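The opening residue of the sequence shown carries number 23 in our numbering; numbering runs sequentially from there. Structure record follows, encoded as structure tokens.
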Amino acid sequence: MTETDPRTEPAPADLLEIAAHDAIQPLHSIKLQLDLLARKLQKGEISTEAVLETLLIMSRRTSTLAAQLRSAIQARRDGSSAYVVHVTRCDFTAIINGVIKQFDPGERERIILTGHERVLEGYWDGDRIAQVIRELVENAFKYSPEGSQVRIEIESNGEVALTVQDCGVGLTLSELQNLFRPSYRSERVVEVAGTGLGLYASRVIVEAHGGRIWAESRGAGQGSAFHIVLPR
23 MTETDPRTEP APADLLEIAA HDAIQPLHSI KLQLDLLARK LQKGEISTEA
73 VLETLLIMSR RTSTLAAQLR SAIQARRDGS SAYVVHVTRC DFTAIINGVI
123 KQFDPGERER IILTGHERVL EGYWDGDRIA QVIRELVENA FKYSPEGSQV
173 RIEIESNGEV ALTVQDCGVG LTLSELQNLF RPSYRSERVV EVAGTGLGLY
223 ASRVIVEAHG GRIWAESRGA GQGSAFHIVL PR
């Protein structure tokens, strides 16, 4: 399996550009959920409890987006060159479960979560780490066949390791070498909407925590695995 380590690439991207990118996909997801909610309400196919659950999820996501944008604007004003992270003690397992709950029921059924089910505490920026995990899972859905499974594995041995694996389009050696660079887009997937900033932003966030992120693939058409290792 071929892999790449993205840490050798300098990272001078504009924080507001990254923050704007970070907002696009979640806002699109929120819109789709609202559209689906409206259709189900019109047909009487959804309970009051389900409506409230969906609205609470969307409320949390919009609050997170607002906080991220405020943070990026403040960092820009301060002249900061790194992603701002606010580290507190939190539960990694709860972060992952929270991310999974933000996907619609059909997508949640495709996610296979293995590894730690117990509390896994450490010092991270929970919102930022959730942002990275969401980016990896959304990409796995985006570049994989409809209905295919996405596997998420958690391991802990001093550090915390997360793997998101799909059976999608895979990655060539050239793509692996450029994947985490700002604004990189593969010619093989130009028809798929994107800005090329999501993985770059994920890399900046992970490295701001003192962690490492990289990808592996056996080649085009053979799926991909994205790995994160974070200190606790």
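Every residue gets a Cβ at the ideal spot worked out from N, C-alpha and C, and that includes glycine. Bear in mind the structure is a predicted one, so any value in this text is a computation, not a measurement.
Asked	Found
Three-way DSSP call (helix, strand, coil) for F114 in this model	helix
Closer than 7 Å: R225 CB and nearest the ligand ZN heavy atom	By its list of ligands, the structure shown contains no ligand whatsoever, and the ligand ZN lies outside what it can speak to.
Any C-beta of chain D under 8 Å from that of S224	Of the protein chains in the structure, only one exists, and it is not chain D.
Selected residue, minimal CA-CA separation from I134, among G233, A162 and I250	A162
Bridge partner(s) assigned by DSSP for R234	V251
Environment of Y222 [buried if 16+ CB atoms lie within 10 Å]	buried
Start and end residues, alpha helix (DSSP H) containing G128	P127 to R132
Sub-8 Å separation of C189 and G128 beta-carbons	no
8 Å Cβ cutoff met for V107 and R150	yes
Residue nearest to G11 in terms of C-alpha spacing, selected from T110, L219 and L195	Given a span of 23 to 254 for the chain in the structure shown, any question on residue 11 remains unanswerable.
Boundaries of the alpha helix (DSSP H) in which E157 is found, first to last residue	G148 to K164
Cross-strand partners of D188 (DSSP beta bridge)	S246
7 Å CB neighbourhood of E181 in its chain, flanking five on each side removed	V251, L252, P253 and R254
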